[in-house]
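Presented below is the structure to which this report refers.
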Amino acid sequence: MSIRLEGLTLAYDRHPAVHHLSGSFAPGSLTAVIGPNGAGKSTLLKALAGLIKPAEGRVMLSSLDRREIAYLPQQADVDGSVPLSVLEVVALGHWRRVGIFGGLGGGDIDAARMALEAVGLGGFETRPIGTLSAGQFQRALFARMMLQDAKVILLDEPFTAIDARTTADLLDLVQHWHDEKRTVVTVLHDYDQVRRHFPQTLLLARELVAWGPTEEALSPGNLLKARAMAESWRDDAAICRRPAA
Amino acid sequence: MSLTSLLLDPFLDYAFMRRALVACLALSLGSAPVGVFLILRRMSLLGDALSHAILPGAAVGFVFGGLSLWPMSLGGFAAAVVVALLSGWVARATRLREDASFAGFYLIALALGVLLISMHGGPVDLMHVLFGSVLAVDSDSLLLVAAVASVTVLAFALIWRPLVVECVDPGFLKAVGGPGSATHMLFMALVVVNLVAGFQALGTLMAVGLMMLPAAAARFWAASIEGMVLAGILLAMLASVAGLLISFHFELASGPSIVLMAGLGYVASILAGPRESVLRRYFPGRHLEA
Numbered sequence: 066m067s068i069r070l071e072g073l074t075l076a077y078d079r080h081p082a083v084h085h086l087s088g089s090f091a092p093g094s095l096t097a098v099i100g101p102n103g104a105g106k107s108t109l110l111k112a113l114a115g116l117i118k119p120a121e122g123r124v125m126l127s128s129l130d131r132r133e134i135a136y137l138p139q140q141a142d143v144d145g146s147v148p149l150s151v152l153e154v155v156a157l158g159h160w161r162r163v164g165i166f167g168g169l170g171g172g173d174i175d176a177a178r179m180a181l182e183a184v185g186l187g188g189f190e191t192r193p194i195g196t197l198s199a200g201q202f203q204r205a206l207f208a209r210m211m212l213q214d215a216k217v218i219l220l221d222e223p224f225t226a227i228d229a230r231t232t233a234d235l236l237d238l239v240q241h242w243h244d245e246k247r248t249v250v251t252v253l254h255d256y257d258q259v260r261r262h263f264p265q266t267l268l269l270a271r272e273l274v275a276w277g278p279t280e281e282a283l284s285p286g287n288l289l290k291a292r293a294m295a296e297s298w299r300d301d302a303a304i305c306r307r308p309a310a
Numbered sequence: 057m058s059l060t061s062l063l064l065d066p067f068l069d070y071a072f073m074r075r076a077l078v079a080c081l082a083l084s085l086g087s088a089p090v091g092v093f094l095i096l097r098r099m100s101l102l103g104d105a106l107s108h109a110i111l112p113g114a115a116v117g118f119v120f121g122g123l124s125l126w127p128m129s130l131g132g133f134a135a136a137v138v139v140a141l142l143s144g145w146v147a148r149a150t151r152l153r154e155d156a157s158f159a160g161f162y163l164i165a166l167a168l169g170v171l172l173i174s175m176h177g178g179p180v181d182l183m184h185v186l187f188g189s190v191l192a193v194d195s196d197s198l199l200l201v202a203a204v205a206s207v208t209v210l211a212f213a214l215i216w217r218p219l220v221v222e223c224v225d226p227g228f229l230k231a232v233g234g235p236g237s238a239t240h241m242l243f244m245a246l247v248v249v250n251l252v253a254g255f256q257a258l259g260t261l262m263a264v265g266l267m268m269l270p271a272a273a274a275r276f277w278a279a280s281i282e283g284m285v286l287a288g289i290l291l292a293m294l295a296s297v298a299g300l301l302i303s304f305h306f307e308l309a310s311g312p313s314i315v316l317m318a319g320l321g322y323v324a325s326i327l328a329g330p331r332e333s334v335l336r337r338y339f340p341g342r343h344l345e346a
């Protein structure tokens, strides 16, 4: 049930954002993806979520349905002007089970209420989503993730613009998912946070720099290598001839 | 003359008024919810663009069949679908954004339509196509309008949930593998068929009015999507009845009267609707404790 990457190259307009990346996320692992801006972290997560197609190589999901992967994008493009309540949006986490036509039973609604309670948003059920603060909104999206009950959870910079208390609460939740043996992959940019909470780290600078136990991956040598990544692509870049994995 | 006879007699005495009334009520039932979702998806101007896109198709139908229902409707439907698909495809395949590609194609369509009609008919025909004639609705048009309203209501029942999710969080729908693009296509088809239905009664330009004005006004009356749809339908129906009566008693053009009544409802809602209106903004009442 692991996710294996084989020579994965993800490109925008033929310029690679992730270049010949191979390795695997073990089942139940808790991995931070970290690296400089433009290193391809978000792009990698989108590919894991099946939202973009590889230019080369592949993402292998062994005995794992794509629908068992839950993905929280960096800037969830949720339109707060749509008049929906917090409970309605959180209940969307049931989508995989109820789909387009399935009804929500009392148990499902209770589960949504409990998820809200768990992220510290008890009492917010009927509030319009447009009235939530950024932190409250992120809590609600985590509640929705809880309901999705996914085997694999992908989070893209989930703590950006979130205060310390909310971050701590949500990190507890991530730890809880890890304890439940879910595979969690999180894009982050705070090295201390990664060292404290994430046992595995993938250090990415368009190409793989290091992937393994966090302390080894974040060695001074590796960090230096990651920082040396060229920020921009070249318009005159030649066609990559490196063989696929 | 009593108030009840002012309100009821036109419909009791004249069959054409009854047909116009039924046509407008059916149109309201289908168009207003379509308008609500166009607004929620921030595509308010799309109805306008598509209504222009109907024109060349209707014109081709007119050239071959004269001012008759089916050729003009089918032609209009086909033309609008072509413009919608073409615009969507250009937006996905190139850097041009959807609103820009829509603008490009509907302007071409509009010019083409006006040219075709003016080549083969007179200014009266052009006026009919642009502004319709709700008082000349025959049983065939009535059938079309009723069929479209029925299909629309059923289709909304089918795509309601994905459509709402597509409005609020399209990324989520995509990530859970929901039918995002199928929903979008079906919804666009609903926009087109409702405009085609409205075009017979109200003309291409006025049909958008009954679709968008009540929908925009609904925002000031309801705090949920269901409530907005309901408010939109009721406002559209109210505008239809009021517009027809005013056009009858004052001998005014019926299509514009209906749309102006919808416009009156819209302005009144902005000013004094119960939710987030101008009135609420300037007289919010004293603030609460928490």
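Chains as they are written, first to last, in our numbering: chain A, 66 to 310; chain B, 57 to 346. Note that beta-carbon positions come from the ideal geometry of N, C-alpha and C, so glycine has one too. If you're wondering where the values come from, they're calculated on a predicted model, not measured in any experiment.
Between the CA atoms of Ile99 (chain A) and His254 (chain A) - distance to the nearest angstrom: 6 Å
Put Glu280 (chain A) into one of helix, strand or coil per three-state DSSP. helix
Determine the closest residue to Leu102 (chain B) out of B:Asn250, B:Val220, B:Leu125, with distance taken between C-alpha atoms. B:Asn250
Whole-number beta carbon distance between Leu261 (chain B) and Phe187 (chain B), since they are thought to touch under 8 Å: 6 Å
Closest Cβ-Cβ distance between Asp144 (chain A) and chain B: below 8 Å? yes
Do the CB positions of Leu123 (chain B) and His184 (chain B) come within less than 8 Å of each other? yes
Taking only runs that begin and end inside the stretch 211 to 291 of chain A, name each unbroken alpha helix (DSSP H) of 4 or more residues, in chain order. 229 to 244, 256 to 262, 279 to 282
For Val124 (chain A), three-class secondary structure by DSSP: strand
What are the boundary residues of the alpha helix (DSSP H) that includes Thr60 (chain B)? 59 to 69
Can you look up His343 (chain B) in the DSSP assignment and give me helix, strand or coil? coil
Cβ shell of Arg161 (chain A) (< 7 Å), same chain only, five flanking positions each side left out: Arg132, Gln213
Taking beta-carbon pairs under 7 Å, can you tell me which members of the stretch 113 to 146 of chain A lie near chain D? Judged by its chain identifiers, the structure shown contains no chain D, and its protein chains are A and B.
Hey, quick one: how far does the beta strand (DSSP E) through His84 (chain A) stretch, first residue to last? 80 to 90
Taking the continuous beta strand (DSSP E) assigned at Glu71 (chain A), which residues delimit it? 68 to 77
Could you check whether the stretch 229 to 236 of chain A touches the stretch 264 to 284 of chain A, counting it as contact only if at least three pairs of C-beta atoms, one from each stretch, sit closer than 8 Å? no
Should Phe339 (chain B) be labelled buried (16 or more other beta-carbon atoms within 10 Å of its own) or exposed? exposed
What separation, rounded to the nearest whole angstrom, lies between the Cα atoms of Val250 (chain A) and Glu345 (chain B)? 42 Å
Excluding the 5 residues flanking Leu172 (chain B) on each side, which residues of the same chain have their C-beta closer than 7 Å to its C-beta? Pro112, Ala115, Val116, Val119
Under 7 Å (Cβ pairs) to chain A, residues found in the stretch 250 to 281 of chain B: Ala279, Ser280, Ile281
Using only the alpha-carbon positions, how far apart do Leu294 (chain B) and Arg331 (chain B) sit? 20 Å
Euclidean distance between Cα positions of Leu320 (chain B) and Phe276 (chain B): 14 Å
Quick check on Val239 (chain A) - is its C-beta less than 8 Å from some C-beta in chain B? no
Can you tell me where the beta strand (DSSP E) with Leu95 (chain A) in it begins and where it stops? 95 to 99
Who are the near neighbours of Ser84 (chain B) in its chain, counting only those whose CB is closer than 7 Å to its CB and skipping five residues on each side? Leu266, Ile289, Ala292, Met293, Ser296
Run through chain B and tell me which residues come within less than 8 Å of Val154 (chain A), C-beta to C-beta. Val224, Asp225
Among A:Ser94, A:Ser127, A:Leu149, A:Ala97, whose alpha-carbon lies nearest the alpha-carbon of Leu219 (chain B)? A:Leu149
Count the CB pairs spanning the stretch 111 to 125 of chain A and the stretch 74 to 92 of chain A that are closer than 8 Å, and state whether there are at least three. yes
For Ser403 (chain B), write down the residues that DSSP places opposite it in a beta bridge. It is not possible to answer for residue 403 (chain B), since the shown part of chain B is limited to 57 through 346.
Between the stretch 95 to 107 of chain A and chain B, which residues of the former have CB atoms less than 7 Å from a CB of the latter, in chain order? none
So, helix, strand or coil for Ala271 (chain B), using DSSP? helix
Identify, in the order they occur along the chain, each residue of the same chain with its Cβ nearer than 6 Å to the Cβ of Arg292 (chain A), setting aside the five sequence neighbours on each side. none
Starting from the Cα of Leu75 (chain A), find the closest Cα among A:Ser284, A:Arg271, A:Glu281 and give me that residue. A:Arg271
Could you tell me whether the stretch 298 to 311 of chain B touches the stretch 63 to 78 of chain B, using the rule of 3 or more Cβ pairs below 8 Å? yes
In chain order, what residues of the same chain lie with their CB nearer than 6 Å to the CB of Gly145 (chain A), ignoring the 5 residues before and after it? Ile194, Gly195
Give the straight-line distance between the Cα atoms of Ala238 (chain B) and Gly169 (chain B), rounded to the nearest whole angstrom. 29 Å
Inspect the beta-carbon positions of Asp175 (chain A) and Ala156 (chain A) and report whether they are closer than 8 Å. no
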